[in-house]
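Trainee: Take this structure first; my questions come after.
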Amino acid sequence: MMGLSLPGRGPGDSYPVRGKVVLVTGAGQGIGRELARVLSARGALLALVDIDAVAAERTAYELGTTALGIGADVADRAGMSAAVAEVIERFGRLDVVVANAGVTPVPATLRTMDPADFDRVVAINLTGVFNTVHPALDHIVRRRGHVVVVSSCAAFAPGMGGSPYMLTKAAVEQLGRALRVELAASGASAGVAYFGIVDTAMTHDMLDADDLGRELDSLLPWPLDVRISAAHAARTIADGIARRAPRTIAPRGWEPYALLRGAINVVLDSRLAADPRVHELVRAIESRT
Numbered sequence: 209m210m211g212l213s214l215p216g217r218g219p220g221d222s223y224p225v226r227g228k229v230v231l232v233t234g235a236g237q238g239i240g241r242e243l244a245r246v247l248s249a250r251g252a253l254l255a256l257v258d259i260d261a262v263a264a265e266r267t268a269y270e271l272g273t274t275a276l277g278i279g280a281d282v283a284d285r286a287g288m289s290a291a292v293a294e295v296i297e298r299f300g301r302l303d304v305v306v307a308n309a310g311v312t313p314v315p316a317t318l319r320t321m322d323p324a325d326f327d328r329v330v331a332i333n334l335t336g337v338f339n340t341v342h343p344a345l346d347h348i349v350r351r352r353g354h355v356v357v358v359s360s361c362a363a364f365a366p367g368m369g370g371s372p373y374m375l376t377k378a379a380v381e382q383l384g385r386a387l388r389v390e391l392a393a394s395g396a397s398a399g400v401a402y403f404g405i406v407d408t409a410m411t412h413d414m415l416d417a418d419d420l421g422r423e424l425d426s427l428l429p430w431p432l433d434v435r436i437s438a439a440h441a442a443r444t445i446a447d448g449i450a451r452r453a454p455r456t457i458a459p460r461g462w463e464p465y466a467l468l469r470g471a472i473n474v475v476l477d478s479r480l481a482a483d484p485r486v487h488e489l490v491r492a493i494e495s496r497t
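Heads up, the final residue of the sequence shown is numbered 497 in the working numbering, and it's a clean run with no missing numbers.
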């Protein structure tokens, strides 16, 4: 492991991004692209990774010479190691990593889903986070930097009809928590970002452009039904980096749910299991596959 080269810093310190090198995955669209814009405005040097190389390069071009666009698939372990190596070759260091890339599954129950779709979601949402973070960690430790893994409020919400997404986000939460404790010994830090429904193309495809998605959306109680913009999510991540936050959550209505999830979920799961509207929705999902 690389040795430390910076004076003492610890988690909880102020951590302005000006002049720091930040790698963001899923940077060609949605939250990742908005985060790139926010961090660029705050003076960061950016490595923007996306499976769509053209989108990554376009975002980098928009931000100028302080940004590098890289085409890479987070599910490709060798490809992500090469992407990190390219960042080091270009900038000479790496201070912050934001593992943001993710996908949603085709709506299905566990009984009817295509196992290949389950594997696809796990490969991107969970293994992809590991593939992003692992090759960067020696550099993060060397710089006493910061890692953000993007989980979701779905990590502690009911998962019927989309369980691969929920379970991967729950696993990412645990990865981030473990990483924060492990990095603290070196003066580096890590945080977990949680969001409810973010108004992105992925959300529109999943909830707005699909009949069953709209029905599911209509069943969501407050605060599950509150949407935020991708720009709001991006600012939340950027502000969390600036204070080395162990966790960030938006919208704020999710905070009581996050704190009280153990008790709430016992009641909520019971009610959902007994709700005829949910039964009908599950039957409709299964009839589609």
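A virtual CB, placed ideally from N, CA and C, is assigned to each residue, including glycine.
#1: Is the stretch 252 to 266 close to the stretch 226 to 233, with three or more CB pairs under 8 Å?
#2: Apart from the five residues just before and just after residue 235, which ones in its own chain have a Cβ nearer than 7 Å to its Cβ?
#3: Go ahead and pull the three-state DSSP assignment for residue 465.
#4: Identify which residue in 366, 373, 358 and 482 has its Cα closest to the Cα of residue 453.
#5: Would you identify the three-state DSSP class for residue 391, choosing helix, strand or coil?
#6: Please state whether DSSP places residue 479 in a helix, a strand or coil.
#7: Can you tell me the Cα-Cα spacing of residue 345 and residue 302, whole angstroms?
#8: By how many angstroms is the C-alpha of residue 447 removed from the C-alpha of residue 329?
#9: Which two residues bound the contiguous beta strand (DSSP E) that contains residue 455?
#10: Which of the three DSSP states is assigned to residue 437 in this structure?
#11: Identify every residue that forms a DSSP beta bridge with residue 257.
#12: According to DSSP, is residue 212 part of a helix, a strand, or is it coil?
#13: Here's a check: name, in chain order, each residue in its chain whose Cβ is nearer than 6 Å to the Cβ of residue 271, leaving out the five neighbours to either side.
#14: What whole-angstrom Cβ distance do residue 314 and residue 325 have, given they're in contact under 8 Å?
#15: Let me know the secondary structure DSSP gives residue 401 once reduced to three states.
#16: Between the Cα of residue 377 and those of 458, 362 and 385, spot the shortest distance and give me the residue it belongs to.
#17: Since residue 356 sits in a beta bridge, which residues does DSSP pair it with?
#18: With a Cβ-Cβ cutoff of 9 Å, do residue 277 and residue 316 count as a contact?
#19: By alpha-carbon positions, which one of 332, 462, 389 and 292 ends up nearest to residue 433?
#20: Could you name the residues of the same chain whose beta carbon sits closer than 7 Å to that of residue 282, not counting the 5 residues immediately before and after it, in chain order?
#21: If residue 466 and residue 402 are in contact, beta carbons under 8 Å, what's the gap, nearest whole angstrom?
#22: Whose C-beta lies closer than 8 Å to the C-beta of residue 284 among residues of the same chain, with five residues either side of it excluded?
#23: Whole angstroms are fine: how far does the CA of residue 246 sit from the CA of residue 269?
#24: Roughly how many angstroms separate the alpha carbons of residue 471 and residue 294, rounded to a whole number?
#25: Span of the alpha helix (DSSP H) holding residue 368?
#26: If you count every other CB in all the chains shown that lies within 10 Å of the CB of residue 347, and 16 or more means buried, which is it?
#27: To the nearest angstrom, how far is it from the Cα of residue 238 to the Cα of residue 458?
Mentor: A quick look at the data gives this:
#1: They touch, by the three-pair rule.
#2: As a working mapping, residue 235 is identified with position 27 in the sequence shown. 241, 244, 256, 257, 258, 264 and 267.
#3: As a first step, residue 465 must be located in the sequence shown, where it is residue number 257. Reduced to three states, the DSSP call for residue 465 is helix.
#4: In the sequence shown, counting from the first residue as 1, residue 453 sits at position 245. When the alpha-carbon of residue 453 is set against those of 366, 373, 358 and 482, the nearest one is in 358.
#5: Locating residue 391 in the sequence shown gives position 183, counting from the first residue. Note: residue 391 maps to helix in three-state DSSP.
#6: Taking the sequence shown and counting its residues from 1, one reaches residue 479 at position 271. Assigned with DSSP and collapsed to three states, residue 479 falls in helix.
#7: Translated into positions along the sequence shown, residue 345 becomes position 137. Translated into positions along the sequence shown, residue 302 becomes position 94. Straight-line spacing of the CA atoms in residue 345 and residue 302 works out to 9 Å.
#8: The count along the sequence shown starts at 1 and reaches residue 329 at position 121. The count along the sequence shown starts at 1 and reaches residue 447 at position 239. Straight-line measurement puts the Cα of residue 447 at about 28 Å from the Cα of residue 329.
#9: For the purposes of this step, residue 455 is identified with residue 247 of the sequence shown, where counting begins at 1. Counted as a single uninterrupted DSSP element, the beta strand (DSSP E) harbouring residue 455 occupies residues 455 to 458.
#10: Reading the sequence shown from its first residue, position 229 is the one you call residue 437. Of the three classes helix, strand and coil, the one that applies to residue 437 here is strand, per DSSP.
#11: As a working mapping, residue 257 is identified with position 49 in the sequence shown. According to DSSP, which records beta bridges pairwise, residue 257 is partnered with 233 and 278.
#12: Counting from one through the sequence shown, the residue named residue 212 turns up at place 4. Its pLDDT being 34, under 50, residue 212 is placed unreliably by the model, and the measurement read from it follows with that caveat. Reduced to three states, the DSSP call for residue 212 is coil.
#13: One-based indexing of the sequence shown puts residue 271 at position 63. The beta carbon of residue 271 is closer than 6 Å to those of 248 in its chain, skipping five residues each way along the sequence.
#14: For this step, residue 314 is matched to residue 106 along the sequence shown. For this step, residue 325 is matched to residue 117 along the sequence shown. Taking a contact as a CB-CB distance under 8 Å, the pair residue 314 and residue 325 counts as one, their CB atoms being some 5 Å apart.
#15: Here residue 401 refers to the residue found at position 193 when the sequence shown is read from its first residue. If DSSP states are grouped into helix, strand and coil, residue 401 belongs with the strands.
#16: As a working mapping, residue 377 is identified with position 169 in the sequence shown. It is 362.
#17: By one-based count along the sequence shown, residue 356 stands at place 148. Looking at the DSSP assignment, residue 356 forms a beta bridge with 306 and 399.
#18: Numbered from its first residue, the sequence shown carries residue 277 at position 69. Numbered from its first residue, the sequence shown carries residue 316 at position 108. Contact flag unset, no.
#19: Walking along the sequence shown from the start, residue 433 turns up at place 225. Checking every option, the nearest Cα to that of residue 433 belongs to 462.
#20: For the purposes of this step, residue 282 is taken as residue 74 along the sequence shown, with counting starting at 1. Excluding sequence neighbours, residue 282 sits near 233, 288, 309, 332, 336, 339 and 340.
#21: Along the sequence shown, read from residue 1 onward, the residue named residue 466 stands at position 258. Along the sequence shown, read from residue 1 onward, the residue named residue 402 stands at position 194. Residue 402 and residue 466 do touch by the CB rule: their CB atoms are close to 7 Å apart, below 8 Å.
#22: The residue labelled residue 284 in the question sits at position 76 within the sequence shown. Hits under 8 Å: 339.
#23: Mapped onto the sequence shown, residue 269 falls at position 61. Mapped onto the sequence shown, residue 246 falls at position 38. Cα-Cα distance, rounded: 15 Å.
#24: The count along the sequence shown starts at 1 and reaches residue 471 at position 263. The count along the sequence shown starts at 1 and reaches residue 294 at position 86. Between the alpha carbons of residue 471 and residue 294 lies a distance of about 46 Å.
#25: Taking the sequence shown and counting its residues from 1, the one referred to as residue 368 is at position 160. According to the DSSP assignment, residue 368 belongs to no alpha helix (DSSP H), since it is labelled neither H nor E.
#26: The residue given as residue 347 occupies position 139 in the sequence shown. Counting Cβ neighbours within 10 Å, residue 347 comes out buried, since at least 16 surround it.
#27: On the sequence shown, residue 238 is found 30 positions in, with the first residue counted as 1. On the sequence shown, residue 458 is found 250 positions in, with the first residue counted as 1. In this model, residue 238 and residue 458 are separated by some 16 Å (Cα to Cα).
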